[in-house]
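First comes the structure, then the notes that go with it.
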Amino acid sequence: MGAALLFFILVLGCMFAIQGTLLVRNKRDWAPPMPRVDENITSTKEYPLYVTTVVNDEAVHQELTYKITGEGVNELNPKSGTFMINKDGRIYLNHIVDREVKEEYKIEIRAYDNHDQQVDVAKDLKIIVVDINDESPVFDPTSLHGSLVEGTPAGTSVLRLKATDADKEDTNHVKLVYEFVNKPDENIFDINKETGIVTTRSVQDREVKSKYELVVVAKDCDGKISLCNVLITTATATIVIGDKNDNPPRFTNNQFQGSIKETILGPVKASVTIEDQDQKGSNNWKAVYSIISGDVENQFSVATNDTSNNPIISTIKPLDYEKSKEHTIVLKVENVEPLEGVALGPDATAFLTITVLNVMEPPEFTPSRQRYRIQEENKPNKIIGTVLAKDPDQPPKAVRFQVVDDPADWVSIDPNTGVLTAKKSMDRESRFVKNNTYTIKVSATKQGSPPMTSTIMVDIFLEDINDHSPDIQYNKNKFCLGSEKPVIINAVDKDTPPNTGPYTFSMEPRFSKHWKLRSIGYSEAEVRLVGNRPGGAQNISVVVKDQKGKAATRNVLVLVCYCEDWFPDSVCLDKGGSVGFGWDAIAAICFSLFALLLFGLLCCVFCCKKKKVQTRPPWYPSCPNGSTVDYNTEGGREVGDVKMTVPLNDNLQPFHLIKA
């Protein structure tokens, strides 16, 4: 019996060996294999494909059923999963697997008896996906672009090719080499097969060739077909040769011609061109121009055309054909960036001859604004001056003059000679005169088709004469009795220096008994009360004289009264010591009233003696009714108000008088 059992075990072991998997049995344990499957199997056999068989040593004693769970297993629908197992422990692969997607699968195996009871602990099984060389190298796009500046020494690294391979690392499948497919002309570049570094073999000149496109390949399996099936990837590497300023700019000719109309400001019509072999649009190519001679009066400017890089010559001051029919300037060209290793040549300068084209021009005034002087209050037809204008063209034509703006209608002009004449007396104090200057506009016209006209502003300065007497500025003059503060008067004059101050003041002798006058400044004087002067409105005659001796007598009205706190700006007191008219003023008023009553009485007597009605004089409308008033009253009377206007000066205001 023992011999038969041993024979059965040997036969079973041989069967598993034939299937490629050796099962090692341990008592009460699994005998799991270490299965491996190739990725991307494309076989003539149909799926599912056998992978391996698992056996639990309990299978010796009873019939077992096997189940699996884990990665790639669908328990509900085993055939839809990656792996499945039959009841005998045979594991199958249902479809293609890709190592680059998943390298291994971990599953658990369980054994069950006839009663569907698990007979042992679950066992882990790892299925390895074996790599095959099915992934081609892939270039990193950023490694396919390189650059260097022209003139760089040979052996300079330009770029480093870089490719990756998705196959299993540390195998020949990912061992890459790099090569040129088409080598550049004259072997300009080298490539290191292992590192992918591209270097120069010679000095590069951008002006010869500015860009290279190299076809390169990356091969896996070290490029050796003996190791595996070599996969190849092709790409195009671009190498750009950078520019440096090693080519000086140059004019295409030594002499250029241009033209422009006189008086025109703007570009000169000229075709001046340059050449520069450096990279277009760069600062090594962009030109900077200057005028190094010939522009004595700074009439020209030069700029750069951003598109063509050629110069643009313009006039910044008008040219004059009659003065110069031709201008020759010398231009110089440079670059924005300094030159490297080279210098400017003689062709960096060129001559430009500009022809000035004649155009018809209007008359020119000389100077552009003309000024004349005349004394004010002049006699009519007095000559002021001569306006100067001429025709700048050759031969010159006659010019006719005209006054086109004369606000006060004071001036006339001779149309042929330009002589200005004052038609009327001119007043410096007129509203048309500003800052002592009267301004008119004059035109000059030359005949032609069409006629051409220019205008000019003419300033006529009016010299002042001492034609105005000084005056005294009106003030509400008030002298407060008991106060030491004088009344200040101020002189004014419409004339201008030296026909003004300093002013001198004096008083008629008849006023010196009660008043004192003293000059205190350029145009001021103070008036003080002397002695006991009755209160009321006092009229003082003051003589004011300018420094040239022109004098005038002016009336100054001063109100004399008691003031609150003796301040001049306070009001006069009406009661309790208020001030009224002086006795001389009261006597004058009474005399006037008496004369008026007497005149009325005489008129009545004259009218009553007539038997017939006679026509009255036109200035006497009717006979008044007589009346008598008793003025001989002692002891004073009640205070009454009398309103009175003193007509001493048109500027004076009515004031309130107190009757005592």
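Going letter by letter, the sequence shown gives residues -20 to -1, 1 to 640 in mature numbering (1 follows the signal peptide of the UniProt record, and there is no 0). We put the CB at the ideal spot given by N, CA and C, even for glycine. On a predicted model such as this, the values are computed, not experimentally measured, just so you know.
For residue i, which residues in the same chain have their Cβ closer than 8 Å to its Cβ, ignoring the five residues on either side in sequence?
| i | result |
| --- | --- |
| Asn361 | Thr401, Ala402, Lys403 |
| Tyr92 | Leu44, Thr45, Tyr46, Lys47, Gln98, Val99 |
| Lys249 | Gly238, Ser239, Ile240 |
| Glu277 | Lys297 |
| Tyr352 | Ile364, Gly365, Leu400, Val438, Asp439, Ile440, Phe441 |
| Ile452 | Ile469, Asn470, Ala471, Val472, Val522, Val524, Arg534, Val536 |
| Glu306 | Thr333, Ile334, Thr335, Val336 |
| Thr216 | Leu124, Glu193, Leu194, Val195, Val196 |
| Pro597 | With a pLDDT of only 45 at Pro597, under 50, the local geometry of the prediction cannot be trusted, and no value is derived from it. |
Using C-beta distances below 6 Å, list every residue in its chain close to residue i, excluding the 5 sequence neighbours before and after it, in chain order.
| i | result |
| --- | --- |
| Arg380 | Pro395, Thr425 |
| Gly52 | Gly61, Thr62, Phe63, Tyr85 |
| Gly126 | Val138, Leu139, Ile219 |
| Asn338 | Tyr301 |
| Gln235 | Phe331 |
| Thr32 | Thr1, Pro13, Pro15, Ile71 |
| Phe491 | Ile520 |
| Phe231 | Ile254, Asp327, Ala330 |
| Gln375 | The residue asked about is misnamed: residue 375 is Pro in this sequence, not Gln. Nothing meets the Cβ criterion. |
| Asp275 | Ile309 |
| Arg79 | Glu19, Val109, Asp111 |
| Leu(-9) | Residue placement at Leu(-9) cannot be trusted, given a pLDDT of 49 that sits under 50; what the coordinates show is reported in the next sentence. No residues qualify anywhere along the chain. |
| Lys555 | Residue placement at Lys555 is poorly supported in this model, since its pLDDT is 40, which falls under 50; the coordinates are not used for a value here. |
| Ser486 | Val523 |
Can you give the beta carbon distance from residue i to residue j, rounded, assuming they're within the 8 Å contact cut?
| i | j | result |
| --- | --- | --- |
| Thr179 | Asp185 | Wrong, their Cβ atoms sit about 17 Å apart, outside the cutoff. |
| Val399 | Val422 | The pair is not a contact, with the Cβ atoms about 11 Å apart (cut-off 8 Å). |
| Ser273 | Asp223 | Incorrect: roughly 32 Å between the Cβ atoms, too far for contact. |
| Pro291 | Leu311 | 6 Å |
| Asn457 | Leu539 | 7 Å |
| Ile107 | Pro15 | 5 Å |
| Asp200 | Asn113 | 7 Å |
| Ser190 | Val220 | 7 Å |
| Asn470 | Ser499 | Asn470 to Ser499, Cβ: 11 Å. No contact. |
| Ser429 | Glu344 | So it is not a contact: roughly 20 Å between Cβ atoms. |
| Thr308 | Thr333 | 5 Å |
| Val313 | Pro229 | 5 Å |
| Tyr192 | Lys173 | About 19 Å; that fails the 8 Å criterion. |
| Thr175 | Val197 | Actually they do not touch by this definition, with Cβ atoms about 15 Å apart. |
| Ser392 | Val383 | 7 Å |
| Val110 | Asp18 | 5 Å |
| Ile87 | Thr49 | 7 Å |
| Asp145 | Leu156 | 6 Å |
| Lys528 | Pro478 | 7 Å |
Using a Cβ-Cβ cutoff of less than 7 Å, which residues in the same chain neighbour residue i once the five nearest sequence positions on both sides are dropped?
| i | result |
| --- | --- |
| His448 | Asp473, Lys474, Asp475 |
| Val316 | Asn263, Lys266, Val268 |
| Arg408 | Glu356, Asn416, Leu442, Asp444 |
| Lys496 | Arg508, Val510 |
| Leu207 | Asn152, Cys201 |
| Val161 | Val195, Val196, Val197, Thr214 |
| Gly131 | Val183, Lys224, Asp226 |
| Asp129 | Contrary to the premise, residue 129 reads as Val rather than Asp in this sequence. Cβ within range, chain order: Gly222, Lys224. |
| residue 652 | Since the displayed the chain opens at -20 and closes at 640, residue 652 lies outside it and no answer follows. |
Name, in chain order, the residues that DSSP records as bridge partners for residue i.
| i | result |
| --- | --- |
| Asn88 | Going by the sequence as given, residue 88 is Glu instead of Asn. Glu88 is bridged to Thr49, Asp104. |
| Asn519 | Leu537 |
| Pro291 | Thr284 |
| His125 | Thr218 |
| Phe441 | Arg353, Thr417 |
| His307 | Ile334 |
| Ile436 | Val422 |
| Ala532 | Val524 |
| Arg186 | Answer is none; Arg186 lacks a bridge partner. |
| Cys543 | Cys552 |
| Lys496 | Arg508 |
| Leu73 | Leu29, Phe63 |
| Ile254 | Phe231 |
| Arg16 | Ile108 |
Check your understanding: If you pair each beta-carbon of the segment 367 to 375 with each one of the segment 281 to 289, do three or more pairs fall below 8 Å?
Key -> Flag = no, the segment 367 to 375 and the segment 281 to 289 do not touch.
Point to revise | Segments assigned beta strand (DSSP E), at least 3 residues, entirely inside the segment 380 to 420 | key: Qualifying beta strand (DSSP E) stretches, in chain order: 391 to 393, 399 to 402.
Exercise for review: Note down, one range per segment and in chain order, each beta strand (DSSP E) of at least 3 residues found wholly within the segment 317 to 353.
Suggested key: The qualifying runs are 329 to 337.
Check your understanding: For the segment 152 to 177, which segments carrying the beta strand (DSSP E) assignment without a break, of at least 3 residues, lie completely within its bounds, in sequence order?
Key -> Secondary structure remark: continuous beta strand (DSSP E) runs of at least 3 residues inside the segment 152 to 177, in chain order: 157 to 160, 169 to 171.
Check your understanding: Enumerated in chain order, which unbroken segments of the beta strand (DSSP E) with a length of 3 residues or greater are wholly contained in the segment 202 to 248?
Key -> Listed in chain order, they are 212 to 222, 235 to 241.
Practice item. Please go through the segment 443 to 488 and give each complete alpha helix (DSSP H) segment of 4 or more residues, from N-terminal end onward. Key: Correct list: empty.
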